[in-house]
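**Q**
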Amino acid sequence: DAKTTQPTSMDCAEGRAANLPCNHSTISGNEYVYWYRQIHSQGPQYIIHGLKNNETNEMASLIITEDRKSSTLILPHATLRDTAVYYCIAGYNQGGKLIFGQGTELSVKP
Amino acid sequence: DAGVTQSPTHLIKTRGQQVTLRCSPKSGHDTVSWYQQALGQGPQFIFQYYEEEERQRGNFPDRFSGHQFPNYSSELNVNALLLGDSALYLCASSRSGGSIYNEQFFGPGTRLTVL
């Protein structure tokens, strides 16, 4: 599975868009990009995933570069409840193991 | 729908002891995965069970074993506990089959402390 690199921490003002970058320069052609988040004292929660095209759901948008070497998770209007560790994962669409890195600790501030 | 449930919530053991952690998957799910999360780290994959068999395994010693029951619930057993086994143990369930990504739903975890 491809390795991902994320910033250790980021801050975002409440109500503003939070843009979380992820580098996955060694991703292979059939590996997906998944995003999960983990709010303190809870288990991780699935957010979104994509292969090549940009994706959007009720929680977030995922922008994948054309060369697929990096991606950005966008929370369009961050709230205090979005404060969490966000994990970017690159892997195969097999419903199998997830390889978590260190993640980005996002702090949404009033 | 109760989601993924795990028991117990917290557990304290001493070195050398054995522990069993339990997980009930989300309704409709037949696959259970276990993860270990040390403080300040991301979760690390231990193994995955489907059809009562271990299907995938991460880089964990044989002291870590598991079981899946016909009702899809699962147990994680750890023998000869070490101090380094202190962690949050997460269970995740998913639905097998199909070509659509099988989102994994995580439980709240069991906090194991080894003294």
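Protein chains in written order, with my numbering: chain D, 1 to 110; chain F, 1 to 115. Heads up, the beta-carbon is just placed ideally off N, CA and C, and yes, glycines get one too. Owing to the predicted nature of the structure, the values given are computational and were not obtained by experimental measurement.
I'd like to know whether the C-beta atoms of D:A60 and D:C12 end up nearer to each other than 8 Å.
**A** No, they are not a contact pair.
**Q** Between D:R68 and D:I47, what straight-line distance do the alpha-carbon atoms span, to the nearest angstrom?
**A** Those two C-alpha atoms are separated by around 19 Å.
**Q** Using C-beta distances below 6 Å, list every residue in its chain close to F:T14, excluding the 5 sequence neighbours before and after it, in chain order.
**A** Answer for F:T14: L115, listed in chain order.
**Q** For the ligand GTP, is there a heavy atom less than 7 Å away from the beta-carbon of F:Y49?
**A** Although the ligand GTP was asked about, the structure shown includes no ligands whatsoever.
**Q** Among the candidates F:F106, F:L88, F:A92 and F:S93, whose CA atom is the shortest distance from the CA of F:L39?
**A** F:L39 has its Cα closest to that of F:L88, out of F:F106, F:L88, F:A92 and F:S93.
**Q** Any Cβ of chain F within less than 8 Å of the Cβ of D:P76?
**A** With 8 Å as the cut-off, D:P76 does not count as an interface residue toward chain F.
**Q** List the residues of chain F that D:P44 touches, going by C-beta distances under 7 Å, in chain order.
**A** Residues of chain F passing the Cβ test: P43 and F106.
**Q** Pull up the CB-CB distance for F:G107 and D:G43, whole angstroms please, since I reckon it's below 8 Å.
**A** Rounded, the Cβ-Cβ distance is 5 Å, consistent with contact.
**Q** Would you mind telling me which residues of chain F sit closer than 8 Å to D:K97, beta carbon to beta carbon, in chain order?
**A** By Cβ distance, chain F contributes S33, F45, Q48, Q56 and G58.
**Q** Can you tell me which of the three DSSP states F:R83 falls into?
**A** A small fix is needed here, since residue 83 of chain F is Leu in this sequence, not Arg. Three-state result, F:L83: helix.
**Q** Under 8 Å between C-beta atoms, does D:K103 make it to chain F?
**A** Note on residue identity: the sequence assigns Gly, not Lys, to residue 103 of chain D. Closer than 8 Å to some Cβ of chain F, the Cβ of D:G103 qualifies, so yes.
**Q** Look at F:T31 and F:S96 and say whether their C-beta atoms are less than 8 Å apart.
**A** Their beta carbons are under 8 Å apart, which means F:T31 touches F:S96 by this criterion.
**Q** Measuring alpha carbon to alpha carbon, tell me which residue in F:T110, F:T20, F:S86 and F:S74 is nearest F:S93.
**A** Answer by Cα proximity: F:S74.
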